[in-house]
Each structure stands twice: as structure tokens, then as C-alpha cells.
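Asker: So the protein sequences, as listed, match chains C and H.
Read the first sequence against our numbering and you will find it ends at 664, with the numbers running on by one and no gaps.
Read the second sequence against our numbering and you will find it ends at 664, with the numbers running on by one and no gaps.
Every residue, glycine too, gets a C-beta built ideally from N, C-alpha and C.
Protein chains: 2
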Amino acid sequence: MMNIKEIQGGVCAAKGFTASGIHAGIRKNKSKADLALIMCDTLCTAASCYTQNLVKGAPIYVTKKNIENGVAQAIVCNSGNANTCNADGIEVAEKMCNIVADNTDVKAEDVVVASTGVIGQPLDVTPIKNAMPQLVASLKDDGSSDAANAIMTTDTVKKEVAVEFELGGKVCHMGGIAKGSGMIHPNMATMLVFITTDAKISKEMIKKALSNDIKDTFNMISVDGDTSTNDMVTLLASGQCENAEITDENDDYASFCKALNYITTALCRKIAKDGEGATKLLECKVSGAKTLPDAKIVAKSVITSSLFKAAMFGADANWGRILCAIGYSGANVDITKIAVSLSSQAGVIEVCENGSGIEFSEDEAKKILTEDEIIINIDLGDGEYDATAWGCDLTYDYVKINGDYRT
Amino acid sequence: MMNIKEIQGGVCAAKGFTASGIHAGIRKNKSKADLALIMCDTLCTAASCYTQNLVKGAPIYVTKKNIENGVAQAIVCNSGNANTCNADGIEVAEKMCNIVADNTDVKAEDVVVASTGVIGQPLDVTPIKNAMPQLVASLKDDGSSDAANAIMTTDTVKKEVAVEFELGGKVCHMGGIAKGSGMIHPNMATMLVFITTDAKISKEMIKKALSNDIKDTFNMISVDGDTSTNDMVTLLASGQCENAEITDENDDYASFCKALNYITTALCRKIAKDGEGATKLLECKVSGAKTLPDAKIVAKSVITSSLFKAAMFGADANWGRILCAIGYSGANVDITKIAVSLSSQAGVIEVCENGSGIEFSEDEAKKILTEDEIIINIDLGDGEYDATAWGCDLTYDYVKINGDYRT
């Protein structure tokens, strides 16, 4: 298969796309941009996946309706207010689409709308209306960073990635931006991710590619076990790289999925590493499971354990908490077959074999766990299936950030 | 039905029981007692409920075997080491029972054994062996506090309660001690609780009473969502108050269950309020659910949400996080029918109606949430069932305590 090469440009790397982000006044803090626009100069095939929380942000309903026909052309997103649990939420989300349409050539029903921030406070559409002409005027083909900045909430770094890949001899591009820091937990439902590509792919296949991909990527991240109300992943394909349209599961589809997985995995790692208050990325690799669900359940349970996450913050090789989290996960495992090792750039250390502790150097373990990317390797020794989940440590700052988020 | 009167005495309030707690040397810190003994001068009927974690502490297996015949006479418990995930764990737990037998009239097979502390470090039985004569010599009928102290790990206060009640004109007593701070989460599995009574009750009925009670009490607490490997609730009945033995579900059984529920609810509240790092007890009362499981799932989901718990630490009425936790709970609810209010000694404030926010005074809310016992009232407006769960806020100190627990 072809090579994937990382490039610059985020959501503007693909042909046809521009982006912008400005301070519209939804947030009080004027130095923080709060409104983003991503625009294609042609209609795109499009797919979205949404939160599975029963409480859904109003924008989810509107986006779902707008994208049902498999096409879209623009994405508008505000931060600072989630437009969720508001009596007039859907009306406001629809107005946001109309405001985009009023200021561009895009039809309201081809706009993807998203909001992120506080739940249950009415979203005043006036600042969005007033800012839209400037937001549209700011659209540019190196505007991805501006958009990535504008969708951030408690994120500390903006999250962008882009790649170049080939489809039938044509050079294609794909790139994405993401936000998401707290309220991130398996079940999709976890963040905002906007991905664009200039590959040509049918409505059916773009939907299939995205919904398959998220099972192993965005559904395998956890920052705090809370599944958010608003989050979604949207993929737009402009088709401007002029490959033969992907309409079935051929080699080009496989290449497309591989590129997509590169983008989504990179964004997952960025999101987990920038979890609220996090100092470390935790990657839990489970192998030897009896079934795929067992592998996934174990990986997610470990990555979600508050006790384990706090131990990682303290660089404490308290592997008993890993065993404990496996034990209550509900997965079908034989505890006496489990082996655990911890690794990072600084090395690898075995801590548990056959479900019991083995002697190891605490100094060596400390050295390994002091790094900022830790891999927890769990071999269940009982089958062929594996899975990876991503998370972060639990820190003082998580509590600080969430102790008084609204003020 | 009869009155229940709170009295002093803990596990020694019931006739026949003595208790003691000393520093045996399992912990390095000499000022912290680490070995407890509870003893009855006659054989008791007995029941236990255990963790549902697949990873079970070795003492669980030994206690289960010893209590299978429905009788027991003594409880030995150490803190500082969980004797879990050790290759020789069961052997060590059996030795602990033998050591009790060697120093008393109690048979080894009538000893309930428990351990709590770090997982995966071999438990040296030598200090227990050496300390047992002194532990037995220290047994006294006001020794409940000593035992309650000795079983504490990261607990900050000892947990004891006792009551007086009547069975067929006879004055009976029941009392308990508990430990449990982190690693506490629904599914039993959550702490150590030892309860004694001088009521006369058959093996069958004591088992039924305990296993029914925990569904609404210990299975409804959560400190951090982690289900521990070691924890259990044990109930011993000496029969020395000379009531007519309870052998079926008659009025006396109902009185017995009511007294038991008083003890267990009181201990649940104490455990939740003393959750690791906690500054507040959170009591989530759900009403109007379609089914009992729905009521329980909602109550537990709210009490377990890290985001909500952090908001309570900050006395922030961020009710959106309550709706969010209801939404992802998996319960069958109609979001548009939900009403939420928050209350404490300082008053009550409505924050959500029909699933949407309503205007409320942030100052008033702050005043209510600054108290140390907060009630979250959730009316699902959709049925007849209710449930209560207990938890605590998420604080800096939780992270501090768990960031480097082993050192």
C-alpha cells in the first residue's frame, strides 16, 4: 500500500477548503477566539458520528438533519456555550446555519453546526450574527490554526494534523482539527473533530469509513469517564483531487481508511494527552483477549480508573490498580494468566506475571513513569484479540479546572 | 413498629462481643494500629457479602469457605496490606485464622479474615503471629473504637454506630464498624464492614437480611468508581438477647431488617462523607423512575461523575453535568420530564425543569452548596420508583492521596 506523509495545513490541507476563527463575543475574554468557520468552494460528500448521550446538544439535531442527504459544504462552530438543555436550542442552532447562508453562497441546509462549552445557558445568537461577515472575510487557505484555536474550551494546545496520500496515482490530502479536554469518554460522544479531504468518495462509503474508524479511535479515549452531550466527528470530502470516485471496498477505499485512521489516531493521542489537567498521555495496549469486546473493555476500564490515573500522576507503579480495574471491568478474563508491563521512552519494566506481582526496581519504574507518554501493556494470555485505548493522568489541575468551570 | 434508639458501643454494643486493635508492625508507622480482633464468647450465626471484582483478595476466599456453614465466632482484620495478587495469599490468610485459633478457644474455621491496604505486596504473617497474644489480651467490651481505628487505611475518621431495638419485648442491640475511603463503588466490593448483634436469628434469615439490605445501601455508594478487590460486609448474631429465634419473614424479621438498615445506612453515609479527600457528602435522591433499576442507575451515574463531583467541590451549581450524567447512564428516561433541585441545611433551590434550565440565584445556590451535606433531588417525572445513592466531591486531596499511596 501507499505511503502516508505528514504535512502542514490542518483542515485547509485538502483542495477546496478555507477556514477562519475570530472572537465574536460569546466569551467575555476578548483574547480567546470563540467562533470558527470551515468552508469548501464546492459541495462535499459528508458524514458525521454523534454523542450517544441521551441528552444531546441542540446543534446535534440540526446537523443530523442537514447531513442526512450525505452532503454538506460548511462547518460553523462556537465555543463558550454548548447550546444544550435550552428551551430555544434548536431554533438557535438553525439560526446559526441561516446566518452562514446569509453571508455566503452556501445553503443553510448544507451547514454543519456545532457548539461547545457550558450546558444550560441560553446562547445569544446576536454576537454570531454580528461577527459572521468578518468571519467569512477572514476565510483563508492557511486558516486551519485560527479555526482550531476558536473551537478550544479548556484545551491548552490546539490540535491539528494533515497528511498526503495517493489514490490511483493522484495525490490526495486529508487533515483535521479537534477540541476536547474534559467530558471525554468512550462512546463517541466525546469531542469535536472536523476532518476534510479532497478525495472523491461516495456518500455511502464516506459514511462507512467514518463509522468503522471511530470504533477503534474516538470511542477508545477517556479523560474522565463522562460522555459529553455535544460532541461529534464530521468528515467532508471535496473530491477535488480527481481520483476515481471510491464507491466500493476496493484498494482505494483501504488507502482512504488508512489515511483516515492516521488522522484520527493522531487526534486521539493529542486529545488524550491534553486531557483536562493532564501531565501524561496513557496508552493502554491489551493483547491476548478471548474476544475483541473483551480487549476493548479491559483497555477502557484501565484507562478510566481514577485510582490508576492518580497513580500515574504520581509516577507510582501501583500495578495492583491495573489488575483491580481489569477485575471489575466485566470482561471475560482469567486473572491468573495476566502479565503487565509499563514502558516509555526511558525503557520497559515487567510488574506482573500470572496475575501476581513480580519483583522489580522501584527506581527503574519511577524513571519510566516520569516520562510524558506511558504505555501500559496488558497481555491477557488467553486469546488472539487486541485493542488500544488512550487516556491521561488525574491531577490537581483536573479538579481545579472543573471545580468552578462556569465562573 | 418499634423504635430504634442510637447508643454507644459499636461492635461491642451487642451482648457477647469484645474487640481490640493494636499496632502489630504490618505498617511502619508505629502510631497507627494495624490489626483488629472482634470476638464473641459463643458461636454466632453469620453471613457475609463480598466484592464482585474478579480479582479478589485472598482473605475473601478463606472467609467464604469458613462462613459457608453459616456460623462464625471471630473476625481478624489487618490494614496496611491487602494480601491480594500474591502467590501465597490464601496460605497467609489461612495462617491468620490459625493464629487466632492458637491463641483463643475459637476454631480456625470459625474465623472471618480480612485485609486492606496495598495490592500485590506479600503479607508477612510474622508480625501478626507475634502480636496476637497482646491483641487477645486487649479484648474488652468497650474495645470497638480500637478495632475501628485499626482497620482504617486512608480514612480520616473512624466509623462506628450502634442501636438498641426490641424483638418480642426483649431489648436487642446491633452495632457496626467500617472502613473504606477510596476504591468505593457500587457492586458491593467496596469497603470492610463488620456488624454484630445479640438478636437470635437463623442462618437462613441472617443471610437473607444482609444480602437484601446491601442492594440499597453499600451497593449505592461511590467514591471514585473503582470497585475494590477485598471488601466485604460481615454480620454476626450471638443470639444472647434471648428473643424467639427469627426463622421466617415475620414481624421480628421486619424489625431486625429495620435495625440493620439503620446501621448500614449510617455507615454508608459515614463512608461516603469520608471518601478520599472529600469535603462534602453527596446524597442523590431519584424519584419518578419507570423501574427500580432505572432509579438506581441514574442515582449512581450522577454520584459517580467526576465532572459533577468536581463542581460540587467548587460549590458550583453546574446542573448541566447532572443532566449529562443522567443522559449517558443507560437508564430509560425522558429527558424532557426531568426536574432537578439542590438542597442542604441552608435551603433548597430548583435549577432545572422539563429538562431545561430555569433562572435561579447563583448566590443562593452557592450558599446551599457550601454546606458539607448536599442533597441532589432528581424527579424523573415518569413513574413510581425511587432510589438513593451516596458519594462525595472530587478534590485536590483525592489526587494527592492517590498520586503516591504506596510510599
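(1) For the candidate residues His280(H), Ile632(H), Gly545(H) and Tyr653(H), whose alpha-carbon lies nearest to that of Gln391(H)?
(2) Are Ala276(C) and Leu396(C) closer than 9 Å when you measure CB to CB?
(3) My output table needs one value for Ala270(H): the three-state DSSP class, helix, strand or coil.
(4) When you compare only the Cα positions, how much space is there between Ala446(H) and Cys498(H)?
(5) Given Lys527(C), which residues of its chain have a CB within under 8 Å of its CB, disregarding the five upstream and five downstream residues?
(6) Whole angstroms are fine: how far does the CA of Ile633(H) sit from the CA of Phe570(H)?
(7) What are the boundary residues of the beta strand (DSSP E) that includes Gly374(H)?
(8) Would you mind working out which of Val312(H), Thr308(H) and Val382(H) sits nearest Leu292(H), comparing C-alpha positions?
(9) Within 10 Å of its beta-carbon, does Ala501(C) have 16 or more other beta-carbons around it, so buried, or fewer, so exposed?
(10) In terms of residue numbering, what span does the beta strand (DSSP E) encompassing Asn476(C) cover?
(11) Quick check on the burial criterion: 16 or more other C-beta atoms within 10 angstroms. Buried or exposed for Gly587(H)?
(12) Between Ile606(H) and the rest of its own chain, which residues show a CB-CB distance below 8 Å, the 5 nearest in sequence each way excluded?
(13) Residue ranges of each beta strand (DSSP E) run of no fewer than 3 residues wholly in the stretch 512-572 of chain C, ordered along the chain?
(14) At least one CB of chain H closer than 9 Å to the CB of Phe570(C): is that the case?
(15) Put Glu506(H) into one of helix, strand or coil per three-state DSSP.
(16) Would you list the one or two residues that DSSP bridges to Leu599(C)?
(17) Spell out whether any CB of chain H is found under 9 Å from the CB atom of Lys229(C).
(18) Apart from the five residues just before and just after Thr664(H), which ones in its own chain have a Cβ nearer than 8 Å to its Cβ?
(19) Keeping to the same chain, check which residues put their C-beta closer than 6 Å to that of Ile635(C); ignore five residues upstream and five downstream.
(20) Alpha carbons only, please: which of Glu628(H), Arg578(H) and Ala494(H) is nearest the one belonging to Gln602(H)?
(21) Output the distance between the C-alpha atoms of Lys313(C) and Asp654(H), rounded to the nearest integer angstrom.
(22) Indicate whether the contact test is met: 3 or more Cβ pairs, each with one atom in the stretch 517-532 of chain H and one in the stretch 472-480 of chain H, closer than 8 Å.
(23) Taking the C-alpha atoms as reference points, what is the distance between Asn487(H) and Ile332(H)?
(24) Is the shortest distance between the beta-carbon of Ile261(H) and the beta-carbons of chain C less than 9 Å?
(25) Determine which residues of the stretch 367-395 of chain C have a Cβ less than 9 Å from any Cβ of chain H, and write them out in chain order.
(26) Are the CB atoms of Ala556(C) and Thr645(C) nearer to each other than 9 Å?
(27) Which residues does DSSP pair with Val382(H) in a beta bridge?
(28) Where do the N-terminal and C-terminal ends of the alpha helix (DSSP H) with Glu616(C) fall, by residue?
(29) Residues of chain C with a CB under 8 Å from the CB of Ile592(H): which are they?
(30) Buried or exposed: Gly604(H), going by 16 or more other Cβ atoms within 10 Å of its Cβ?
(31) Could you give the residue range of the alpha helix (DSSP H) that holds Val319(H)?
(32) Quick check: the Cα distance between Ile503(H) and Asp455(H), rounded to an integer number of angstroms?
(33) Could you work out which residue in Ile376(H), Phe422(H), Ala394(H) and Ser372(H) is closest to Asn360(H) when comparing CA atoms only?
(34) Would you decide whether Ser288(C) is buried or exposed? Buried here means 16 or more other CB atoms lie within 10 Å of its CB.
(35) Using only the alpha-carbon positions, how far apart do Thr491(H) and Tyr318(H) sit?
(36) Could you tell me which residues DSSP pairs with Gly648(H) in its beta bridges?
Answerer: Looking at the coordinates:
(1) With distances taken between Cα atoms, Gln391(H) lies closest to His280(H).
(2) Between Ala276(C) and Leu396(C), the C-beta gap is smaller than 9 Å, which places the two residues in contact.
(3) If DSSP states are grouped into helix, strand and coil, Ala270(H) belongs with coil.
(4) Below a pLDDT of 50, predicted positions are generally treated as unreliable, and Ala446(H), at 35, falls in that range; the measurement from the model is reported next regardless. If I take the Cα positions, the gap works out to 31 Å.
(5) Excluding residues within five positions, the ones whose Cβ falls inside 8 Å are Val414, Lys416, Val418 and Ala435.
(6) So the two alpha carbons sit approximately 14 Å from each other.
(7) In the DSSP assignment, Gly374(H) falls within the beta strand (DSSP E) that extends over Val368 to Val375.
(8) Among Val312(H), Thr308(H) and Val382(H), the Cα nearest to that of Leu292(H) belongs to Val382(H).
(9) Flag for Ala501(C) reads exposed.
(10) Going by DSSP, Asn476(C) is part of no beta strand (DSSP E) at all; its letter is neither H nor E.
(11) With a threshold of 16 other beta carbon atoms within 10 Å, Gly587(H) falls short and is exposed.
(12) For Ile606(H), same chain residues with a beta-carbon under 8 Å away, outside a window of 5 residues either side, are Ala574, Ser598, Leu599, Ser600, Phe617, Ser618, Glu621, Ala622 and Ile625 in chain order.
(13) Secondary structure in the stretch 512-572 of chain C: the beta strand (DSSP E) runs of 3 residues or longer, each lying completely within the stretch, are 538-546 in chain order.
(14) Using a Cβ-Cβ cut-off of 9 Å, Phe570(C) counts as an interface residue toward chain H, since at least one Cβ of chain H sits closer than that to its own.
(15) Coil at Glu506(H), not helix or strand.
(16) Paired residue(s): Ile606(C) and Ile633(C).
(17) Missing from the structure shown is residue 229(C); chain C here goes from 258 to 664 and no further.
(18) Low local confidence applies: a pLDDT of 47 at Thr664(H) is under 50, so the model's placement there is unreliable, with the coordinate-based value given in what follows. Closer than 8 Å at the Cβ level, and outside the excluded window around Thr664(H), lies no residue.
(19) Non-local C-beta neighbours of Ile635(C) in its own chain, meaning closer than 6 Å and more than five positions away in sequence, comprise Val543 and Val597, ordered along the chain.
(20) Residue Glu628(H) is the option with its Cα nearest to Gln602(H).
(21) If you take the alpha carbons of Lys313(C) and Asp654(H), they lie about 33 Å apart.
(22) Contact between the stretch 517-532 of chain H and the stretch 472-480 of chain H is present, with at least three C-beta pairs closer than 8 Å.
(23) Using only the alpha carbons, I get a separation of about 15 Å.
(24) So, not an interface residue.
(25) Here the close residues are Val375, Ile376, Gly377, Gln378 and Pro379.
(26) Cβ distance < 9 Å, so Ala556(C) and Thr645(C) count as in contact.
(27) Paired residue(s): none; Val382(H) is not in a bridge.
(28) From DSSP, Glu616(C) is part of no alpha helix (DSSP H); its letter is neither H nor E.
(29) Proximity of chain C to Ile592(H) at the Cβ level (cut-off 8 Å) is accounted for by Leu311 and Val312, in chain order.
(30) A residue is called buried once 16 or more other Cβ atoms fall within 10 Å of its Cβ, and Gly604(H), having fewer, is exposed.
(31) Residues Ala315 to Ile324.
(32) One C-alpha to the other measures close to 12 Å.
(33) With respect to the C-alpha of Asn360(H), the residue from Ile376(H), Phe422(H), Ala394(H) and Ser372(H) having the closest C-alpha is Ala394(H).
(34) Here Ser288(C) is exposed: its Cβ has fewer than 16 other Cβ atoms, across all protein chains shown, within 10 Å.
(35) Whole-angstrom Cα-Cα distance: 14 Å.
(36) Paired residue(s): Ser479(H) and Leu539(H).
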